[in-house]
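>
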Amino acid sequence: MIVPHSDKVQRLIDSFPWGEPRYPRRPAGGQETAVVYHWMVSELLPPFRRATLALVARIRPVVDAVVATECGRGRERFVATIDMTHLTKSPESVVEKMARKWDGIGVVPITFRDIPAELTDLGRFRIVTNFLSDATTVCRALEAPYAVPVPSGISTEQRALFEEFRLRSNAFEDLIHVPVEGRRSAERCYKAVFEPCRTPNACVEVQVQTLLQESWDKKEHVLIYEPARRGEPLPQEIRLELEAMSDLLFVVDRTFDRLRSHLQDPRA
Amino acid sequence: MRLRDESLRTGRLLAALCPGNPTRSCGLLLLVRGYEDVDSLATVEAVLGRLLSVRPSGQFRWFDVADFRRIAELHPSLKPNRVVSVELAEFAGLNEQDVEIIFRDALERAAAFETTLFPSIGAAVGSAAEGVQFIARAQELDNLAALLDPARLVLVIAPRRTGKTSLLREFTRRSPAGITAVHVDIESAFTVEEAAAAIAVELANVSLSTAIERVTRRGADTVIRRELRAFRERSSGRAALFIDELVYFLRTMTSELPPTDHPAASLELVRMLADACRETDVCLAVAGSIELTEYLTDELGIDPETLPLSIRSAQRFALPPLLASNGHVRALLIGAGIVPEGNDPAWLREHVDLGMPLAAIAFLDQLAAQVRGRGAVHTNELDDALDDFLDRTAVFRDVMDRLQARSLSYAGFRAALAWVMGRLADSPEARISVSDALERFGDLAGGFAEDSLRWLVENLPVRREGETLVLASRIFGRWWRRHHP
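Heads up: the sequence lines are chains A and B, in that order.
Here my numbering is used: the first residue of the first sequence is 21, the next is one more, and so on.
Here my numbering is used: the first residue of the second sequence is 168, the next is one more, and so on.
1) As an exercise, report each continuous beta strand (DSSP E) stretch of at least 3 residues that is fully enclosed by the segment 402-442 of chain B, in chain order.
2) Is it buried or exposed, residue 626(B), if we count other Cβ atoms within 10 angstroms and call 16 or more buried?
3) Taking only beta-carbon atoms, is residue 184(A) less than 9 Å away from chain B?
4) Kindly say whether residue 159(A), judged by its beta-carbon, lies nearer than 9 Å to any beta-carbon of chain B.
5) Mind pulling the chain A residues with CB within less than 8 Å of residue 111(B)?
6) Give me the chain B residues within the contact set of residue 102(A), using Cβ-Cβ distance strictly less than 8 Å, ordered along the chain.
7) Would you please verify whether the beta carbon of residue 65(A) is less than 9 Å from any beta carbon of chain B?
8) Which chain A residues sit within Cβ distance under 7 Å of residue 201(B)?
9) Starting from residue 200(B), follow the beta strand (DSSP E) in both directions and report where the run begins and ends.
10) So is residue 231(A) in contact with chain B if we call contact Cβ pairs under 9 Å?
11) Using only the alpha-carbon positions, how far apart do residue 643(B) and residue 559(B) sit?
12) Could you tell me the distance, in whole angstroms, from the CA atom of residue 334(B) to the CA atom of residue 390(B)?
13) Report the residues of the segment 352-370 of chain B with a CB closer than 8 Å to any CB of chain A, ordered along the chain.
14) Hey, is residue 204(B)'s beta-carbon within less than 9 Å of any beta-carbon in chain A?
15) Thinking residue 194(B) and residue 180(B) are a contact (beta carbons under 8 Å), I'd like their distance in whole angstroms, please.
16) The segment 210-221 of chain A: which residues have C-beta closer than 7 Å to a C-beta of chain B, in chain order?
17) Under 8 Å by Cβ, that's how I've got residue 80(A) and residue 176(B) pegged, so tell me the actual separation to the nearest angstrom.
18) May I ask you to report which of helix, strand or coil DSSP gives residue 331(B)?
19) Please name the residue in 267(B), 394(B) and 338(B) whose C-alpha comes closest to that of residue 364(B).
20) Mind listing, in chain order, the continuous alpha helix (DSSP H) runs of no fewer than 4 residues lying wholly within the segment 73-150 of chain A?
21) Grab the span of the alpha helix (DSSP H) containing residue 566(B) for me, first residue to last.
22) State the CB to CB distance for the pair residue 215(A) and residue 249(A), rounded to an integer number of angstroms; the pair is presumed to be in contact (CB under 8 Å).
23) Whose C-alpha, out of 110(A), 116(A) and 82(A), is nearest the C-alpha of residue 100(A)?
24) On a CA-only basis, which of 141(A), 26(A) and 240(A) is nearest residue 314(A)? Give me that one, please.
25) In its own chain, which residues sit with a C-beta less than 6 Å from the C-beta of residue 299(B), not counting the 5 before and 5 after it?
26) Ends of the beta strand (DSSP E) at residue 488(B)?
27) Let's test the definition: count the other Cβ atoms within 10 Å of the Cβ of residue 178(A) and tell me whether it reaches 16, buried, or not, exposed.
28) Buried or exposed: residue 478(B), going by 16 or more other Cβ atoms within 10 Å of its Cβ?
29) Are three or more beta carbon pairs between the segment 344-359 of chain B and the segment 409-418 of chain B nearer than 8 Å?
30) Which partner residues does residue 227(A) have in the DSSP bridge list?
31) When you compare the CB positions of residue 201(B) and residue 180(A), do they come within less than 9 Å of one another, or not?
32) Whole angstroms is fine: what's the gap from residue 462(B)'s alpha carbon to residue 591(B)'s?
33) Return helix, strand or coil for residue 299(B), following the three-state DSSP convention.
34) Give me the chain B residues within the contact set of residue 70(A), using Cβ-Cβ distance strictly less than 7 Å, ordered along the chain.
35) Kindly confirm or deny that the segment 376-388 of chain B and the segment 417-434 of chain B touch, where touching means at least three C-beta pairs closer than 8 Å.
36) Could you work out which residues of chain B lie near residue 107(A), taking near to mean beta carbons separated by less than 7 Å?
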């Protein structure tokens, strides 16, 4: 049995812990969804937005140092911007993700009480680089203080990051160099989850990707993610073409990297 | 204490966007160093959220800022030079009430697209507090407005440089209770004509040369009455004339006359002013560090019965010690770009208040200079810095001059005052009962107990709370302890 998406969302809203401590009372007049969304915006998400802002503040100097020291010649061409357009997931996306993880029949896997512990991307931002190898360099710089043993040469900025935030698995997950058979999605990026040492559940997802990967992601969001969220059917050809585009852009990124290496050191 | 870290670039921006004139758009950037700042950010956001909720919607807009240098990418109206940056660390240890005090006025100014959002210590030293510098006297403005009456003079009383002029000037700007007021400082006048011209300048908004020409042609009395009448007619509500440093002027004006002529000359001018105001239905208030009626009767020996009725029935408005909170002190530090760290906030709360604003501001100014010079001042150096300031400062000189003058007139007053102040300055929590103070003044000051108590409250930072006296300035208390062991 396939439970329609909108039915699942409605039943999730019904399962909201109405009136429990720290949760609003159930409103009259069919305003439940609005109240749940307002609760998310005013209560659930702000701590994640603040944690994200704090992480950006700690990560930005590390990225700046990469730009200043690691990239050497051609630094002026290096682009590593931090995109903070949406520091937190939208309430709609949160509910959509909860509904997507639920078959609509069994136990709800992510309840409203579980959100902070179960969703690790409530706070998130991206670091966007020009070249693929720069994305790798940025990741290595952010991972460095979490290596065991901690390397001796880490900077003050890296140490400050390490002292305030844990990096889950102590590494970024490489979703760029994934063989076809191991793919869960056509999205390409380095992805990591940081959590404040003081408040472990206030997780922040950080993605590091190239301009081309980001460009693909933004188009995919419009062409596939949003229609899927609305429960609209998607032709298989479109999915296939978008996956192929991701592969194609990966090749383009690799080519640009090779060209840059060649120009910087023709003997390489 | 350290300087604000100008290298921080990430934070949360509250922007006041001006759609009609984008160049006026401005903002307040709350700089985040790391997760250590999230508690302060939560407090500040909660307070600003409350303050914004009662303002017109759309007046302000929040932005998350990854890099302050790229602020223009967030909105085309945003320009770095129109954004005031503060570190969230500057709000560490403050409760929501203090944070609200810091932001309430700042938000008003940002809404008017101003970029000076916080008072500055340096600008507050040695000049009257105006605009952003004027803090925590809103209640006094209302209290003064309630006293103003064309039939009765108001005497604004307080030691020098404790905020009289600031209060009167702010009154003219805010017009509390709908009272249109004009403030005239006649300290620099030498003659009645010059004083009249100074008054005409403010009342008629004319140049000094025009005013002098009018006074020369028509006489001081005529010009003052005429301009007061015109001023009254222009004012929609009540009208008030504030004359600053009147006694200082009377002394200057009579300095070239034989002493026997001083009373008559002074009385003539005072009567002229009082009568002109009463006839034109303009409220008159005079301010100065020397109280007018005491000067006329005690110093010049004028029979009180010969004074105009409006002066005989004068109401006293003693400017109380500034009841400013820890938030006001911190607002001054924010204005100076000084960030308290570690135990600094607790030290500030314990040792610095604005009960005597000039003393506190002068100390903070000295401290800020040290921080700027050395980059930082550690908490355990603050006690020495304050003691060093107290040993060198002249900000209490006027108070001591007054005490000296009173002691010469009333035998035993100094000893009685020393007893009272010794107890009040003993600790920040110290207080004594009014009856104990009266008893001591009665015993030692020859029966002028009530009068001595009034002098104490009007001239020293001592506040009467019902039947209890408390010291309203911790800095003064510390100074007293150091100099009157």
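Glycine included, C-beta positions come from ideal geometry on N, C-alpha and C.
Small disclaimer: the values here were computed from a predicted structure and weren't measured.
Result, derived from the coordinates:
1) 406-411
2) buried
3) yes
4) no
5) What the structure shows of chain B is the stretch from 168 to 652, and residue 111(B) is not part of that stretch, so it cannot be assessed.
6) 233 and 234
7) no
8) 74, 77, 78, 180 and 184
9) Note, residue 200(B): premise wrong, no beta strand (DSSP E); not H, not E.
10) no
11) 13 Å
12) 27 Å
13) none
14) yes
15) 5 Å
16) 216 and 218
17) 7 Å
18) helix
19) 394(B)
20) 111-120 and 135-138
21) 564-576
22) About 27 Å; that fails the 8 Å criterion.
23) 82(A)
24) Lying before the first or after the last residue shown, residue 314(A) is absent from chain A, which here runs from 21 to 288.
25) Low confidence applies here, because residue 299(B) scores a pLDDT of 46, under 50, leaving its location unreliable; read the following figure in that light. The answer, listed in chain order, is 283 and 286.
26) Residue 488(B) -> no beta strand (DSSP E), and no H or E assigned at all.
27) buried
28) buried
29) yes
30) 146(A) and 211(A)
31) yes
32) 29 Å
33) Summary for residue 299(B): the model assigns pLDDT 46, below 50, so the residue's position carries little reliability; its value from the coordinates is reported in the next sentence. Helix at residue 299(B).
34) 205, 208 and 209
35) no
36) 231
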